[in-house]
C-alpha cells in the first residue's frame, strides 16, 4: 500500500506540496510582520490584557510556552499560551496571534456550535488514526474487506475532525480581528493588512491538512474498492 505509485502521485506528493507551501507562507508572513512594530506599540502579552479589559472575556489566563509559533489556547484551564516572540515583542504578528487565541477563548465562553461538535470528536481522535491504519492493513493483508471498510470508517472520523477544524479556525480569526478593532488596537493600515495576512497564512495550514486527509481517505476507498 505504501509503495503504490498511485499513493505517491495522488496523495503523498500533493500533500507534501500543500504542506510545504502553507508552511512557507506562514514563515514568510511571520518573518515580515514579526519584525513590523504594531501601531499601539504593545507586546503580545499587553495586547492580551487590553483585549480582556474591553471584550467581556472572563478568567482567561496567560502563560509562556517554549518554541516559535507554538502559541495556542488550552480550553482545559482557559489559558492562552504565548511563545516568547509573541509575548514580549510589540509586533503586528504578535498582536494578531494573541487575538486569534482569544478568539478561541471567546468561542468556548459562548459555547460555539462548531467548537461543541469538534470537542465531541476529540476523544475519538485519540485512537481513530492508529485503529484505522491497523484495520485497513489487516483487511487488505488477510482479504477481509469488511475489516478494511471499518478502518475506512474510523479514518473518516479523522477527516470529519479536520473539516470541523476549518470553521473553528476561520471563526477564531474573524473574532480575533473584531476584538482588535473593538479594543482600539487596529491603529494603522499596516496593523489591519498584517493581521489579516498572518491569520490567512495560519488558516491555510489547516486547509492543507484537511485536503491531505481527504486525499488519503479517497485513496483508501479506491484501494479497498478494487480489492472488494
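Numbering (the numbering used here), first residue to last: 2 to 229.
Using N, Cα and C, we set each Cβ at its ideal position, and we do this for glycine too.
Query: Cβ-Cβ separation, residue 169 to residue 119 (assumed contact under 8 Å), whole Å; Result: 6 Å
Query: Residue 83 - partner residues in DSSP beta bridges; Result: 65
Query: Three-state secondary structure (DSSP) of residue 73; Result: strand
Query: Beta-carbon proximity list for residue 58, same chain, < 8 Å, skipping 5 on both sides; Result: 52, 103, 106, 107 and 110
Query: Straight-line gap, residue 139 to residue 145 (C-alpha atoms, nearest Å); Result: 8 Å
Query: In DSSP terms, what residue 92 is bridged to; Result: 38
Query: For residue 171, the three-state DSSP class (helix, strand or coil); Result: helix
Query: Nearest candidate by alpha-carbon position, reference residue 218, set 82, 157 and 94; Result: 157
Query: Segment limits, alpha helix (DSSP H) that includes residue 54; Result: 45-56
Query: C-alpha gap between residue 134 and residue 177, whole angstroms; Result: 37 Å
Query: Any 3 or more C-beta pairs closer than 8 Å across the region 181-190 and the region 37-51; Result: yes
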